[in-house]
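All remarks here apply to the structure that follows.
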Amino acid sequence: MHNIGKTEFIRALGVGALHALFSLFVILSSIWLCMALWIQEPLSWLWSRILIGAWIAFALSILGLYAAQPFFSRKKDAIIYILGFLCSLFWYFGLEAQQDRAWAPEVAKMLHYEQQGDLITLHNVRNFDWHPDGSYTEHWETRQFDLNQITGVNIITSYWMGPKIAHTLVSFDFANSRPLTFSIEIRKEKDEKFSAIGGFFRKYELSLVASDEKDLIYTRSNIRGEQVYFFPVNMPKAARMALFEEYLHKADELAKHPKWYNTLTSNCTTLVFDMVQAVSPQELPADYRLLASGYLPNYLYDLHAISPQWDLHTWYQRAHINPRVSGYQHISSADYSYLIRKGLPHPAE
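Going by our numbering, the first residue of the sequence shown is number 2, and it counts up by one from there.
Pasting the structure below:
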């Protein structure tokens with residue numbers, strides 16, 4: 002009798018744990034699906050909300066039936082829910098990124114290029130004139146660059162929601178031409194605004210923007226009021242050239258196969274890391290600071306990619322460009338590039 006009681010207790014414990022796991026799965030998967038439906042709005046605004054309400058009612062009824070019925074009868078309810086959720090996954094992962102939406106002007110044109118040896122001709126280099134009220138005058142350019150003339154690579158971090166999260170840009174210095182900045186961004190549609198939550202749910206396509214420094218960086222430091230930091234990085238000449246070409250390959254890739262932006266896994270920092278990893282002769286360590294992108298300079302400092310001549314606190318003080326440029330509303334591209342580098346060391350080869 003004692004053994005029977007112990008067996009029944011263990012069985013009841015297992016059934017309770019299974020019930021708790023299934024209930025947790027229903028709750029979490031329903032939250033995810035309702036958020037995906039809310040962001041995507043696969044039907045009209047009203048019918049999408051009705052669909053969300055119907056799914057919530059369905060999930061709650063499954064949970065109620067699952068809890069009320071005997072153990073062996075619960076399998077049917079679990080299978081019904083799982084099949085319903087699988088159908089939603091087929092819908093979600095069947096959403097395809099597009100090239101032909103009504104894009105916002107700043108991401109309307111795609112970067113493309115011609116290459117003859119080390120000579121690169123870039124088309125649709127953005128050089129907008131940004132105004133204090135956030136408006137801009139559109140200007141797209143064609144520029145030529147010689148890979149052999151790359152003299153430096155810089156990481157720029159722009160903070161817009163606290164110290165943990167930053168937008169990452171990469172700027173290339175040239176001996177015979179103006180610097181060029183690359184930025185992995187969301188490709189917004191007209192009148193669309195960025196949402197970090199929307200970025201988890203295939204709300205935005207990816208965009209690669211190549212621009213004049215005064216465009217991409219100035220709009221953050223002087224127009225949006227973000228806190229921007231400029232870090233020259235140590236990188237051999239061959240790696241600098243290879244990294245620039247990786248950006249060209251990314252432009253080719255996005256032109257042929259549009260991709261979704263993802264706030265966590267496919268963003269302005271993780272994709273830069275992937276490109277740097279592709280040209281690095283050694284494996285770069287995975288690190289939480291690649292996700293908490295605001296700490297990317299700390300990660301680079303630990304890898305000695307940022308010169309150790311100053312401690313990290315001093316680096317942040319010296320790399321902060323806002324105090325040097327905040328008073329300028331009308332400044333030339335050359336003067337802006339000079340000011341954001343003022344007082345910073347030229348990195349070692």
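Backbone N, C-alpha and C fix where the C-beta goes; we use that ideal spot for every residue, glycine too.
Identified DSSP bridge partners for residue i
i      : result
SER172 : ASN155, THR182
ARG225 : According to DSSP, which records beta bridges pairwise, ARG225 is partnered with nothing at all.
SER45  : Per DSSP, none; premise fails for SER45.
VAL108 : According to DSSP, VAL108 bridges with nothing at all.
ASP130 : THR138
PRO233 : ASN155
LEU207 : ILE187
ALA167 : TYR160
Residue i (DSSP reduced to helix, strand or coil)
i      : result
MET2   : Because the pLDDT at MET2 is just 46, under 50, the model does not fix this residue reliably, and the value given afterwards should be weighed accordingly. The answer is coil: DSSP assigns MET2 none of H, G, I, E or B.
LEU249 : helix
TYR1   : Since the first and last residues shown for the chain are 2 and 350, residue 1 lies out of range.
LEU114 : In the sequence on display, residue 114 carries Tyr and not Leu. Of the three classes helix, strand and coil, the one that applies to TYR114 here is strand, per DSSP.
SER212 : strand
ASN268 : coil
GLN99  : coil
PHE190 : As written in the sequence, residue 190 is Glu, which differs from the Phe given in the question. Three-state DSSP puts GLU190 in a strand.
ASN263 : strand
LEU29  : helix
LEU285 : coil
ILE198 : coil
ALA335 : helix
LEU19  : helix
LEU292 : coil
ALA256 : helix
SER308 : coil
TYR82  : helix
GLN330 : coil
Opening and closing residue of the alpha helix (DSSP H) in which residue i lies
i      : result
VAL273 : 271-280
THR220 : Premise fails: THR220 is in no alpha helix (DSSP H) and is neither H nor E.
GLN318 : 313-320
PRO298 : 297-303
PRO346 : No alpha helix (DSSP H) contains PRO346, which DSSP labels as neither H nor E.
PRO324 : 323-326
Residue i, enclosing beta strand (DSSP E) - first and last residue
i      : result
ARG127 : 120-127
GLN145 : 141-147
Residue-chain proximity (residue i, chain B), Cβ-Cβ < 8 Å
i      : result
LYS165 : Among the chains in the structure shown there is no chain B, since it carries only a single protein chain.
Three-pair Cβ contact test at 8 Å for the region 288-306 versus the region 151-164: yes
The region 134-145 contacting the region 163-173, beta-carbon criterion three pairs below 8 Å: no
Contact between the region 323-330 and the region 194-214 (3+ Cβ pairs under 8 Å): no
Three CB pairs or more closer than 8 Å across the region 187-196 and the region 279-298: no
The region 76-87 / the region 36-51 touching (three or more Cβ pairs under 8 Å): no
Three-pair Cβ contact test at 8 Å for the region 122-138 versus the region 84-95: no
Inter-stretch contact (C-beta, 8 Å, three-pair minimum) for the region 59-66 and the region 25-40: yes
Contact between the region 248-261 and the region 105-122 (3+ Cβ pairs under 8 Å): yes
Given 8 Å, three or more beta-carbon pairs between the region 268-276 and the region 214-234: no
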